[in-house]
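Here the structure is laid out as C-alpha cells; the discussion comes afterwards.
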Amino acid sequence: MREGETGIANKLLYNGTVLTMDGADRVLKPGYVLVEGDEIKEVGEWRPDERLERLRATCSFACDAAGKAIIPGLINAHTHLFQTYMRGVSDHYPLAQWLREIIWPLSLVMEPEDFYLAGLIGCIENLKSGATYLMDHHYIHTSLQNTAGVLRAFVDSGIRGHLARGGSDLAGEPRLRETEEQVFAATDELLDRWEGAASGRIRIALGPLNLYGCSRPFLESMARYSRDRGLISHVHVAETKGQIDNTMERFGLRNLELLNEVGLLGERTQVIHGIWLDDGELEAIRARQASVVHCPVSNMYLASGVARVPEMRRLGINVALGTDGPGSNNCQDNLEVLKFAACLHKVYALDSTLLPPMDVLKMATMGGARAMGRENDLGSLEPGKQADLVVIDLLKPHIAPVHRASSALVYNANGNDVDLVMVGGRVVVENGACTLVDEREILLRAQSRVDALRAKLAAECPVFAFEH
Ligand SMILES: [Zn+2]
Numbered sequence: 006m007r008e009g010e011t012g013i014a015n016k017l018l019y020n021g022t023v024l025t026m027d028g029a030d031r032v033l034k035p036g037y038v039l040v041e042g043d044e045i046k047e048v049g050e051w052r053p054d055e056r057l058e059r060l061r062a063t064c065s066f067a068c069d070a071a072g073k074a075i076i077p078g079l080i081n082a083h084t085h086l087f088q089t090y091m092r093g094v095s096d097h098y099p100l101a102q103w104l105r106e107i108i109w110p111l112s113l114v115m116e117p118e119d120f121y122l123a124g125l126i127g128c129i130e131n132l133k134s135g136a137t138y139l140m141d142h143h144y145i146h147t148s149l150q151n152t153a154g155v156l157r158a159f160v161d162s163g164i165r166g167h168l169a170r171g172g173s174d175l176a177g178e179p180r181l182r183e184t185e186e187q188v189f190a191a192t193d194e195l196l197d198r199w200e201g202a203a204s205g206r207i208r209i210a211l212g213p214l215n216l217y218g219c220s221r222p223f224l225e226s227m228a229r230y231s232r233d234r235g236l237i238s239h240v241h242v243a244e245t246k247g248q249i250d251n252t253m254e255r256f257g258l259r260n261l262e263l264l265n266e267v268g269l270l271g272e273r274t275q276v277i278h279g280i281w282l283d284d285g286e287l288e289a290i291r292a293r294q295a296s297v298v299h300c301p302v303s304n305m306y307l308a309s310g311v312a313r314v315p316e317m318r319r320l321g322i323n324v325a326l327g328t329d330g331p332g333s334n335n336c337q338d339n340l341e342v343l344k345f346a347a348c349l350h351k352v353y354a355l356d357s358t359l360l361p362p363m364d365v366l367k368m369a370t371m372g373g374a375r376a377m378g379r380e381n382d383l384g385s386l387e388p389g390k391q392a393d394l395v396v397i398d399l400l401k402p403h404i405a406p407v408h409r410a411s412s413a414l415v416y417n418a419n420g421n422d423v424d425l426v427m428v429g430g431r432v433v434v435e436n437g438a439c440t441l442v443d444e445r446e447i448l449l450r451a452q453s454r455v456d457a458l459r460a461k462l463a464a465e466c467p468v469f470a471f472e473h
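So for the sequence shown, my numbering puts the first residue at 6; every next one is plus one.
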C-alpha cells in the first residue's frame with residue numbers, strides 16, 4: 006500500500022452530491038472527495054468497494070454527506086469587512102451620501118480592535134455562507150493597526166483572505182487621503198509581514214480606491230507598483246453614472262478608458278462593479294483579459310445600476326461574484342448573492358433563459374479563482390487542488406425535494422444550510438458552527454462597541470441619533 010492510502014491523516018467526505026465545477030461540470034451522485042493534508046487527493050463516484058470501505062474505516066475524519074451537496078468553496082471577490090459595523094444604519098441613501106453620512110463618520114471613530122471584531126464577524130459570516138476565500142478592500146487607514154486587525158481576523162477564523170490595501174489621494178473625506186509614498190510604504194510593510202502568512206492563506210493586493218478619488222499621477226504610480234511586484238490591482242470602476250461624468254470632465258475619458266491609459270488594466274486587474282461601461286470598454290476588458298467582480302445585491306441596494314454581465318460572459322470576459330461590504334448588502338450571505346445574480350439579469354433583460362444555475366455557480370467558483378490568478382489550485386474539486394470545499398444540507402423544508410442540486414443551491418439554499426467548511430484541508434465550520442472562534446462572545450463584544458460608538462456620534466451625525 007502506497008503512502009497516503011493508509012488513510013491515517015486523510016479526510017473523506019462521501020455519499021453526497023458532488024458538484025465538481027471542473028471543465029466538464031461533472032456532478033457525481035453520490036460521490037466522494039478524499040483529502041490528504043491540504044490537497045484534494047481523489048474525487049469520484051461513491052460505489053463502496055473493498056478499498057473505499059477501508060478508506061472510510063481508516064480516515065481520521067469521515068463525513069457521511071447523504072442528502073447534502075459538496076461544492077468547491079465559493080470565492081467572495083469583493084467586500085469591505087469593517088462595514089459589518091454599518092449594516093442597516095439607514096437603507097435609503099445613494100452611494101455618495103451613504104459614504105459621506107454613514108460609512109466615513111463611523112469608520113473614523115472605530116479603533117483597531119473594532120476592525121478586528123468587524124473583520125472577524127465578516128469572516129465568520131462568509132465561511133458560514135460557503136465562502137472559503139475573500140478579497141477585502143480595506144481603505145480606512147486612520148491607524149496602521151486597522152489593517153492588522155482585518156488580517157488577524159483572517160488568521161483566527163481560518164478563512165483564506167486576500168487584503169487589497171486601499172489608497173486614495175483625493176478622497177472626499179480629507180482624513181482618508183494619503184500620498185502615494187504613504188501607500189507604498191504601508192503596502193511594502195504588509196507584503197513583508199503578511200504575504201503568504203498562515204500557511205499561504207493570507208495574500209496582499211493593491212486597491213486604488215476608485216477613479217474619482219485618485220489623481221492621474223497617483224493612479225499611474227499605483228499601476229507601476231502593482232506591475233513591479235506582480236500584485237492584483239483591485240479597483241472600484243464605473244459604479245454610478247456620476248462617476249463617468251467625473252472622469253469625462255477631468256480627462257475627457259470614460260472610467261475604463263482612464264484605467265487603461267494609466268496602465269491599470271491587465272490580466273491581474275479586478276474591475277469592481279463595472280456597471281456603466283460601453284461596448285468599447287467591454288472590448289478593452291476582454292482584450293486585456295481583466296476580470297470583472299459583480300456585486301448584484303450592493304448594486305440593487307444603492308440603486309447604482311445593472312452591470313452587463315450576460316454580455317460580458319458572451320464576450321468571454323471573466324466575471325467573479327462579490328457580496329460587497331456589509332454596509333451595502335447588508336449581509337455577507339454568499340449563497341444569497343447567487344440568487345440575486347440570476348434574478349437581476351433575468352428581469353432586467355426580460356429573458357428567463359439568462360444565467361442558468363451552473364453558470365452562476367461557475368462565476369462564484371472558477372470565475373473567482375481566475376480573478377485571483379488561482380485557477381490552477383482553487384475553484385473546482387479536482388485532484389491536486391487545494392481542499393477548499395463546502396458541504397450544504399439539502400434535506401430542508403425550503404429546499405427538498407431536489408431535482409437538480411445546482412438549482413437548489415442557487416435558488417433555495419442560504420447560509421443557514423452550510424454544514425461543513427474546509428479551507429486547505431482544515432475543518433473550520435462543522436455542524437454549522439465555527440470550530441476556531443467563539444461566535445457568541447465576539448458578537449456580544451461587537452454589539453456593545455457599536456452601541457458606544459453610535460452614542461458618541463449621535464450629537465453630530467443625525468443619522469446615528471435613532472433610539473431603536
Ligand atoms: Zn466596494
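Every residue, glycine too, gets a C-beta built ideally from N, C-alpha and C. Quick caveat, the model's predicted, so the values are computed rather than measured.
Hey, is residue i close to ligand 1, as in C-beta under 7 Å from one of its heavy atoms?
i              : result
histidine 85   : yes
histidine 241  : yes
histidine 299  : no
isoleucine 80  : no
histidine 142  : yes
glycine 171    : no
isoleucine 277 : yes
aspartate 197  : no
glycine 330    : yes
Give a yes or no on whether the C-beta atoms belonging to residue i and residue j are separated by under 8 Å.
i              : j              : result
methionine 377 : valine 324     : no
isoleucine 108 : glycine 372    : no
valine 433     : lysine 344     : no
serine 134     : glutamine 337  : yes
glycine 28     : arginine 105   : no
glycine 166    : isoleucine 207 : yes
threonine 192  : leucine 214    : no
glutamate 183  : histidine 239  : no
arginine 234   : valine 267     : no
arginine 293   : glycine 271    : yes
threonine 22   : proline 35     : yes
glutamine 275  : asparagine 260 : no
lysine 73      : valine 396     : yes
alanine 82     : glycine 124    : no
glycine 420    : serine 204     : no
asparagine 15  : leucine 33     : no
glycine 154    : tyrosine 121   : yes
methionine 317 : valine 342     : no
threonine 328  : threonine 89   : no
valine 114     : lysine 351     : no
leucine 269    : alanine 228    : yes
arginine 61    : alanine 67     : yes
Need the endpoints of the beta strand (DSSP E) that residue i sits in, please.
i              : result
glutamate 465  : No beta strand (DSSP E) holds glutamate 465; DSSP gives it neither H nor E.
isoleucine 80  : 79–84
arginine 208   : 207–213
asparagine 323 : 323–326
threonine 274  : 274–278
Tell me the residue span of the alpha helix (DSSP H) that contains residue i.
i              : result
histidine 350  : 339–354
arginine 56    : 55–63
isoleucine 129 : 117–133
valine 302     : 301–306
serine 112     : 109–114
valine 188     : 185–199
Would you list the residues sitting across from residue i in a DSSP beta bridge?
i              : result
leucine 18     : Val38, Cys68
leucine 366    : The partner list for leucine 366 (beta bridge, DSSP) is empty, contrary to what the question assumes.
leucine 258    : DSSP output for leucine 258 lists no bridge partner at all.
valine 23      : Leu33, Ile75
tyrosine 138   : Ile80, Arg165
methionine 317 : Note: methionine 317 sits in no beta bridge, so no partner.
leucine 394    : Pro77, Met427
valine 481     : With the chain represented from 6 up to 473, any question about residue 481 goes unanswered, as that position is not in the structure.
histidine 239  : Gln275
glycine 49     : Tyr37
serine 296     : Gln275, Asn323
alanine 438    : Glu435
glutamate 44   : Glu41, Gln391
histidine 143  : Arg170
Are there any heavy atoms of ligand 2 lying less than 7 Å away from the beta-carbon of residue i, as far as the coordinates show?
i              : result
isoleucine 107 : Because ligand 2 does not appear in the structure shown, any question about it cannot be addressed here, the ligands present being ligand 1.
Practice item. Please specify which runs of the beta strand (DSSP E), each continuous and at least 3 residues long, are wholly inside the region 152–183, giving them in chain order. Key: Annotation: the region 152–183 contains the following complete segments of the beta strand (DSSP E) (minimum length 3 residues), in chain order: 165–172.
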